[in-house]
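K.L.:
As given, the protein sequences belong to chains A and B, one line each in that order.
Quick note: the first sequence, position 230, residue 230 per my numbering, numbers continuous.
In my numbering, each residue carries its 1-based index in the second sequence increased by 1000.
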Amino acid sequence: MRRWVATCALCVGSAGGISNAQQAAEAIEPPDGELRVAFTDAELRLIFQHSPLPAVPPDPTNNVADDSAAAHFGRYLFFDTRLSGDNSLSCSTCHDPTHGFSLDSQFSQGAGTTSRHAQSLWNVGYNRWYYWDGSVDSLWSQALKPIEGADEMNSSRLALAHTIAREPDLRRGYEHIFGGLPDLSDPMRFPTAGKPRSHKADDVPEELLGAWQSMTPDDHQTINTIFANVGKTIAAYERKIVSRDSAFDRFVEGLHAGDEMLTSALSPSAQRGLQLFIGRANCRLCHTGPNFSDGEFHSLGLINHDGTIPNDAARFEGATKVKSDPFNAAGAFSDDPDAAPAKLVQQLVVSPETWGQYKTPSLRSVATSPPYMHQGQFVTLHDVVDFYSSLEGRVQMGHHQETILQPLELSEVEKADLVSFLRSLTGQALTPELSARPSGPLPSASK
Amino acid sequence: MRKSLVLMLGSMLSVVLFAGCTGQIVSSGNPASLWPKPDPTKMVVSNNGTYGVQYWIFADTDEIPTNEQFWLYVFPFEKTSDGWQRVTDAQVKVDAAMPHHGHGMNIVPKITQLDDGSIGVEGMLFHMPGRWELYFDITRNGVTERAQTEVFLE
Chain A
1 MRRWVATCAL CVGSAGGISN AQQAAEAIEP PDGELRVAFT DAELRLIFQH
51 SPLPAVPPDP TNNVADDSAA AHFGRYLFFD TRLSGDNSLS CSTCHDPTHG
101 FSLDSQFSQG AGTTSRHAQS LWNVGYNRWY YWDGSVDSLW SQALKPIEGA
151 DEMNSSRLAL AHTIAREPDL RRGYEHIFGG LPDLSDPMRF PTAGKPRSHK
201 ADDVPEELLG AWQSMTPDDH QTINTIFANV GKTIAAYERK IVSRDSAFDR
251 FVEGLHAGDE MLTSALSPSA QRGLQLFIGR ANCRLCHTGP NFSDGEFHSL
301 GLINHDGTIP NDAARFEGAT KVKSDPFNAA GAFSDDPDAA PAKLVQQLVV
351 SPETWGQYKT PSLRSVATSP PYMHQGQFVT LHDVVDFYSS LEGRVQMGHH
401 QETILQPLEL SEVEKADLVS FLRSLTGQAL TPELSARPSG PLPSASK
Chain B
1001 MRKSLVLMLG SMLSVVLFAG CTGQIVSSGN PASLWPKPDP TKMVVSNNGT
1051 YGVQYWIFAD TDEIPTNEQF WLYVFPFEKT SDGWQRVTDA QVKVDAAMPH
1101 HGHGMNIVPK ITQLDDGSIG VEGMLFHMPG RWELYFDITR NGVTERAQTE
1151 VFLE
């Protein structure tokens, strides 16, 4: 059997913000000084499934998904606190570009405290489902939820529409992309604030609910269209938050080309971690493909962050929500309600077996956004690997469990190797302009 | 079978159009020529031996892909003293599962009986690598037999 041998140098740098314990753990190097890892043909086939990362898939439900002016305006909105109820919060409050578009705290502090950890936005455009529970099926629809979330930005779609209409810069940006705004000046038809009930029965104050219910169906449609369009521009920006060209990608490129300079991008420890990842540790079963995620849902049996037994239906509830969401891919605000994403949500199974399942996160640039898991239960990547090694504290909840999940019983060196590999998935940083608010709502050529 | 070939078959024979991976199965006309000849080496035989099915895979690659939607075109046959004969009056359900993992697919495929009695299966999704079992439940006159085969995704 042909065997590839990659010659490696110790070249995986350390990103800021990781703990001393993690650094110490990752500093463990091969005990025998071995600097070469041999991969079999079978292993190479598996490795090649993970790189290169293709282009972000199209989103047929969003006509402006790849429109540069929409992406610019969406970035303007992403950092704009006027989208929140008290003008103090923006998308970037919980999705901080300096922290992998996530937060270093377990939960987000918005108008309230969220119950799940803010997910990183790296490679978010590759997702099939959004949120830990998959309660949303498009990036543009996801962008709408925090704006009205009582624990998040706590605004309303009516207030948002008025803000867009009132603020000259926002109006200019919106109308450049979607054409003239309708007249919202009649307060009897378009109250200053209002929104319908969400899936939580009691999270909308009566005055906001009453204002919304006082409107006609046609006026609901008008406001919902503006609301959806705002989400579509934010999504156009978020699709550009892509992590690629990591040390791992260079290593794979080197394997293809037989280029030792490129294969040296991956340290010996990371190469051994890769071998574990696709081999004995079997991480690739769920972290499949070039984005290192199957985009689907699994139950690890994690206890809550505070040590209590979980009581979160997670995917079971999320699947129910997404099928009935008026902003889903098959709904009235989708730009192609017959496209593949629409069929997917229509054919989605809602089964009690999905109780307690959470979405598999991408591992691209995973080192930039600790803590980890749906409640940020693990502070470091080493903690994550420790869990998979022992499954200590795992609970059986009587629903479907991943029967394939067995304690890996990794040695300390193996744990460090896996962490080294995970750290090698950190891609090139975004350009500074993509990580910050633009000076105006439109690209300079459009002003 | 690649998408382009699918489209070519559909347009040339005016039988079934699988409009790429985003389209719908559409039945029109009834030319029986699209049915494959019974091939014992490709036949998946039911548990009681009464039926067999042959199927075509429609995807962006030549094989069932991992974690990408694909389509099946299923041809049920009945074993007779004259060999395998087409069955056009049976109900056929298609499903799949990973027995080692204890779960099936996360979406329910849309099954359409086409005019010529063959079966279009839209929206199959094997979301994980590993061993899958593919099930064809053939029901006629109130009696169901299952034909099943296994698919290993690397």
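Quick reminder that beta carbons are idealized off the backbone N, C-alpha and C, glycines included.
For the 8 Å Cβ check, are there 3 or more pairs between the region 185-195 of chain A and the region 124-144 of chain A?
P.N.:
no
K.L.:
Would you tell me roughly how many angstroms separate the C-alpha atoms of Asp86(A) and Pro1065(B), rounded to the nearest one?
P.N.:
48 Å
K.L.:
Whole-angstrom Cβ separation of Leu158(A) and Ile147(A), contact assumed at under 8 Å?
P.N.:
Actually they do not touch by this definition, with Cβ atoms about 11 Å apart.
K.L.:
Does any C-beta atom of chain B lie closer than 8 Å to the C-beta of Val349(A)?
P.N.:
yes
K.L.:
Please list, in chain order, the chain A residues whose beta carbon lies closer than 7 Å to that of Gly1130(B).
P.N.:
Leu285
K.L.:
I need the DSSP call for Arg1131(B), collapsed to helix, strand or coil.
P.N.:
strand
K.L.:
My output table needs one value for Glu461(A): the three-state DSSP class, helix, strand or coil.
P.N.:
Since the displayed chain A opens at 1 and closes at 447, residue 461(A) lies outside it and no answer follows.
K.L.:
Could you list the residues in the region 266-298 of chain A with a C-beta less than 8 Å from some C-beta on chain B, going in chain order?
P.N.:
Arg284, Leu285, Cys286, Thr288, Gly289, Asp294, Gly295, Glu296 and Phe297
K.L.:
Thinking just about the alpha-carbon of each residue, which of Leu344(A), Ser334(A) and Gln375(A) is nearest to the one in Ala314(A)?
P.N.:
Gln375(A)
K.L.:
Can you give me, in chain order, the residues of the region 1104-1126 of chain B that have a beta carbon less than 9 Å from any beta carbon in chain A?
P.N.:
Listed in sequence order: Gly1104, Met1105, Asn1106, Ile1107, Val1108, Pro1109, Lys1110, Glu1122, Gly1123 and Leu1125.
K.L.:
What's the call for Thr222(A), buried or exposed, on a 16-neighbour Cβ count within 10 Å?
P.N.:
buried
K.L.:
Which residue marks the beginning of the beta strand (DSSP E) containing Arg172(A), and which one marks its end?
P.N.:
No beta strand (DSSP E) contains Arg172(A), which is instead part of the alpha helix (DSSP H) from Pro168 to Phe178.
K.L.:
What residues from chain A crowd round Glu1154(B), counting only those whose CB sits closer than 9 Å?
P.N.:
Ala42, Arg45, Leu46 and Gln49
K.L.:
Measure the CB-CB distance between Leu442(A) and His176(A) and report whether it falls below 8 Å.
P.N.:
yes
K.L.:
For Ala330(A) versus Ala342(A), is the C-beta spacing smaller than 8 Å?
P.N.:
yes
K.L.:
List in chain order: all unbroken alpha helix (DSSP H) runs of 4+ residues lying wholly within the region 246-281 of chain A.
P.N.:
247-257, 260-263 and 268-278
K.L.:
Find the residues of chain A that neighbour Gly1142(B), judging by a C-beta separation of less than 9 Å, and give them in chain order.
P.N.:
Per Cβ cutoff of 9 Å: no residues; Gly1142(B) is ~26 Å from chain A at best.
K.L.:
Taking its Cβ as the centre, do 16 or more other Cβ atoms sit within 10 Å of Ile47(A), making it buried, or is it exposed?
P.N.:
buried
K.L.:
Interface residues of chain B around Thr61(A) at Cβ under 9 Å?
P.N.:
Going along chain B, no residue has its Cβ under 9 Å from Thr61(A), so there is no contact; the nearest lies around 11 Å.
K.L.:
Report the neighbours of Thr1066(B) on chain A: residues whose CB is nearer than 7 Å to its CB, in chain order.
P.N.:
Thr288
K.L.:
State yes or no: is the beta carbon of Thr403(A) nearer than 8 Å to at least one beta carbon in chain B?
P.N.:
For Thr403(A), at least one C-beta of chain B is nearer than 8 Å to its own C-beta.
K.L.:
In this structure, how does DSSP classify Lys1079(B) when only helix, strand and coil are distinguished?
P.N.:
strand
K.L.:
For Glu480(A), would you say it is in contact with chain B, using Cβ-to-Cβ distances shorter than 8 Å as the test?
P.N.:
Since the first residue shown for chain A is 1 and the last is 447, residue 480(A) is missing from the structure and cannot be characterised.
K.L.:
If you count every other CB in all the chains shown that lies within 10 Å of the CB of His117(A), and 16 or more means buried, which is it?
P.N.:
buried
K.L.:
Name the two residues that bound the continuous beta strand (DSSP E) containing Asp417(A).
P.N.:
Unbroken run through Asp417(A) is the alpha helix (DSSP H), Glu412 to Arg423; no beta strand (DSSP E).
K.L.:
So what's Tyr130(A) in DSSP terms, helix, strand or just coil?
P.N.:
strand
K.L.:
Have a look at the DSSP bridge pairing and note the partners of Lys359(A).
P.N.:
Phe297(A)
K.L.:
Could you tell me the alpha carbon to alpha carbon distance between Leu422(A) and Val136(A), rounded to whole angstroms?
P.N.:
28 Å
K.L.:
Ignore the nearest five residues each way along the sequence and tell me which others in Trp1132(B)'s own chain have a CB closer than 6 Å to its CB.
P.N.:
Ala1096, Met1098, Phe1126 and Val1151
K.L.:
Quick check on this structure: which residue in His1101(B), Lys1079(B) and Gly1083(B) has the alpha carbon closest to the alpha carbon of His298(A)?
P.N.:
His1101(B)
K.L.:
Could you please give the first and the last residue of the uninterrupted beta strand (DSSP E) stretch that includes Asp1095(B)?
P.N.:
For Asp1095(B), the enclosing beta strand (DSSP E) has its first and last residue at Gln1091 to Met1098.
K.L.:
Is the beta carbon of Val1045(B) sitting closer than 8 Å to the one on Phe1136(B)?
P.N.:
no
K.L.:
Grab me the residues of Gly112(A)'s own chain with a C-beta within less than 7 Å of its C-beta, minus the 5 sequence neighbours each way, in chain order.
P.N.:
Ala150 and Asp151
K.L.:
Under the criterion of a Cβ to heavy atom distance below 7 Å, does His256(A) qualify as lining the ligand MN?
P.N.:
The ligand MN is not part of the structure shown, which contains no ligands of any sort.
K.L.:
Cutting at 6 Å between CB atoms, please list the residues of its own chain near Ala70(A), excluding the five before and the five after it.
P.N.:
Apart from the 5 residues on each side of it in sequence, Ala70(A) sits with its Cβ closer than 6 Å to the Cβ of Val64, Ile177, Thr233 and Ala236 in its chain, given in chain order.
K.L.:
Mind checking Glu238(A): buried by the 16 CB within 10 Å criterion, or exposed?
P.N.:
buried
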